[in-house]
Each structure stands twice: as structure tokens, then as C-alpha cells.
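J.: Take any residue in the sequence shown, note its place counting from 1, add 745, and you have its number in my numbering.
Can you read through this structure? Questions will come right after.
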Amino acid sequence: VQLVESGGGLVQPGGSLRLSCAASGYIFSVRAMGWYRQAPGKQREMVARISGDFTTNYADSVKGRFTITRDNAKNTVYLQMNSLKPEDTAVYYCHPEAWVGGPNESWGQGTQVTVTS
């Protein structure tokens, strides 16, 4: 499994970013994918997930601001982040949801999102 996240950066509060995650090494289309984030000193948390049938779920903290989508033809999952807040600052990762905490867990390098004025 290879997961390559990109699209992070430095943005002011209220700004937007679009993260991308290119996946390879497994059958992408059948797996639910999650976007996770880890802020300094905090545990990694899921912020959004999208199932193989495109059903989406969001953490309460990002609901209404973030949108997760996927393009199975490109083996890519996206996270559109709007109305960013300083508390969204973290390293963002994607991962097949079912493999988190299991023997197939394999995190990419993540992409840093920093929201500051």
C-alpha cells in the first residue's frame, strides 16, 4: 500500500485548501477511505470518511466546512477544506479505514496544514 498526500500549506483563518491522496497497491474502489489528522501533542483523529458507494461521514468539528470526495478512476481521494480555523492546524493523512490499527496499516508522510493569521 502506498499513500501520497499533497495539497497542504499555510493559510489564513477563513481560507480554503484542497488536499489530495493518491493510493496504490490495492483495489482502491472497494475500500472506504478516511482522512485523518494529528495535531502536535494530540492523538490522530478521523475527520472524514467516504465509503465505496460514496457515502460520507464527518467529524462534528468539520461538518459543513469539509467535503470528502473520491475519484476511483484516478485512485485518489480529496478533502476540500473551507472556512479553515486555527484549530484545523495538523498533519493530514489518508488511509483505508478498515486497515487502521491492523496489520495492513501503513501511513504515508502526510501533508501539513497550518492555519494562522
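Backbone N, C-alpha and C define an ideal beta-carbon position, used for all residues, glycine too.
Remember, predicted model here, so these are calculated numbers, not experimental data.
#1: What residue from THR814, GLU750, PRO831 has the CA that sits closest to SER796's CA?
#2: Can you tell me whether PHE878 is helix, strand or coil according to DSSP?
#3: Thinking ALA777 and ALA843 are a contact (beta carbons under 8 angstroms), I'd like their distance in whole angstroms, please.
#4: If you pair each beta-carbon of the region 824-837 with each one of the region 751-770, do three or more pairs fall below 8 angstroms?
#5: For PRO831, does the three-state DSSP call read helix, strand or coil?
T.: According to the structure shown:
#1: THR814
#2: Given a span of 746 to 862 for the chain in the structure shown, any question on residue 878 remains unanswerable.
#3: Yes, they are in contact, since the Cβ atoms of ALA777 and ALA843 sit about 7 angstroms apart, within 8 angstroms.
#4: yes
#5: Three-state result, PRO831: helix.
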